[in-house]
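Let me begin by presenting the structure, written as C-alpha cells, before commenting on it.
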Amino acid sequence: MRPNPAQDQTLPANAQRHYRVASGDLTLSCPMPGMSLWNSHPRVFLPVAADGGRSRCPYCSAEYELADYRPSTLPLTEWA
Numbered sequence: 003m004r005p006n007p008a009q010d011q012t013l014p015a016n017a018q019r020h021y022r023v024a025s026g027d028l029t030l031s032c033p034m035p036g037m038s039l040w041n042s043h044p045r046v047f048l049p050v051a052a053d054g055g056r057s058r059c060p061y062c063s064a065e066y067e068l069a070d071y072r073p074s075t076l077p078l079t080e081w082a
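Plus 2 on top of the position in the sequence shown (first one is 1) and you've got the numbering used here.
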C-alpha cells in the first residue's frame with residue numbers, strides 16, 4: 003500500500019532545522035517518533051546527552067537541543 007499524504011496524521015519529517023527536546027524524549031532519533039517516515043532519510047539515533055546537550059543529524063543537518071540538559075543529572079549513555 004502506498005502512503006497517502008492527504009490522510010497522514012503525522013508531522014512532516016525534516017521540516018524544521020532546530021528542535022528542543024526534553025530528557026523524557028530520550029532515546030532520541032531523527033526523524034523523531036510521530037514524524038512521517040515514508041519521505042525521509044533513514045532513522046539515526048543521536049547521543050544528545052553525551053554530546054553536551056546538542057546533536058546534529060548527519061543526514062538532514064537538523065540540530066537537536068536538550069532543553070533540560072544538566073551534565074551531573076543525565077547519564078552518559080542513553081541506551082540503558
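Built from N, CA and C at the ideal position, the CB exists for glycine as well.
- Taken through DSSP and simplified to helix, strand or coil, S25 comes out as helix.
- The beta-bridge partner set that DSSP reports for R56 consists of E67.
- Residue burial annotation: P33 is buried, with at least 16 other C-beta atoms found within 10 angstroms of its C-beta.
- Per the DSSP secondary-structure output, S38 pairs with nothing in a beta bridge.
- Excluding five sequence positions before and after Y21, the CB atoms of its chain that fall closer than 6 Å to its own CB belong to Y66, given in chain order.
- Taking C-beta atoms under 8 Å as the contact rule, L68 and A51 qualify, at a distance of about 6 Å.
- Under the three-state reduction of DSSP, V50 is assigned to coil, being neither helix nor strand.
- Residue range L30 to C32 is occupied by the beta strand (DSSP E) that includes C32.
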